[in-house]
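K.L.:
In my numbering, the protein residues as written are 157 to 295.
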Amino acid sequence: MSSDLRVGWAVRRPNNCDDNEDGHNTWGKWYTCCPLEMQKFVDADNNAGCTVGGEPREVPKQCAGNSTLVLWSDPYGYFCCDPDRIGFANENHYKGCATTDEYNAGLRNESMTKVFREGTSSGKKPPLLSRNHESRGPE
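(1) The alpha helix (DSSP H) spanning Tyr232 covers which residue range?
(2) Report back the beta-carbon spacing between Phe197 and Thr188 to the nearest angstrom; my notes put them in contact at under 8 Å.
(3) Going by alpha carbons, who is nearest to Thr269 out of Gly275, Pro191 and Asn248?
(4) From what residue to what residue does the beta strand (DSSP E) around Asn181 run?
(5) Cα separation between Asp178 and Cys190?
(6) Nearest by alpha-carbon distance to Asn202: which of Gly243, Leu225, Gly221 and Pro231 is it?
(7) Between Leu225 and chain B, is there a C-beta pair that is closer than 7 Å?
(8) On a CA-only basis, which of Leu161, Trp165, Asp160 and Arg273 is nearest Lys217? Give me that one, please.
(9) For Thr256, report the span of its alpha helix (DSSP H) as first-last.
(10) For the beta strand (DSSP E) holding Gly205, just list the boundary residues, first then last.
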């Protein structure tokens, strides 16, 4: 196991996880994925994260692993997308990552709502968040 792996929030992917990841289907075609060397957990708000060595008491405000994923948030919690994707939530607050064209189409037909871009990984130590930071929301 790499010592560079960081506890954090899982990446959302359409159709399946990458070959170097493991995860599960959350809704529609969407999966939450963690690096193979990490274990998945689900917090009290039904958000998926990745850890090493058991469930964390607190989860850093960052994406899991050692990647350049982008962290996104909505009122119900955090999730990550590849840098070329835009985070969104649907009318049921289910989360995903879209291309620019998919995102713009989703905004036009009101099937997607905007979420907040938290940023990319950095060398700075992020603040820790309680695993029970918001009221329970859908995945």
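Glycine residues also receive a C-beta, built at the ideal position from the N, C-alpha and C atoms.
P.N.:
Concretely, from the data shown:
(1) In the DSSP assignment, Tyr232 falls outside any alpha helix (DSSP H) and carries neither an H nor an E.
(2) Contact between Phe197 and Thr188 does not hold, since their C-beta atoms are separated by about 10 Å, which reaches or exceeds 8 Å.
(3) With respect to the C-alpha of Thr269, the residue from Gly275, Pro191 and Asn248 having the closest C-alpha is Asn248.
(4) Segment Glu177 to Trp183, the beta strand (DSSP E) holding Asn181.
(5) In this structure, the CA atom of Asp178 is about 5 Å from the CA atom of Cys190.
(6) Per the C-alpha coordinates, the member of Gly243, Leu225, Gly221 and Pro231 positioned closest to Asn202 is Pro231.
(7) Here there is only one protein chain, and chain B is not present.
(8) When only C-alpha atoms are compared, the closest one is Trp165.
(9) Per DSSP, Thr256 belongs to the alpha helix (DSSP H) from Thr256 to Arg264.
(10) Under the DSSP assignment, Gly205 falls in the beta strand (DSSP E) whose first and last residues are Ala204 to Thr207.
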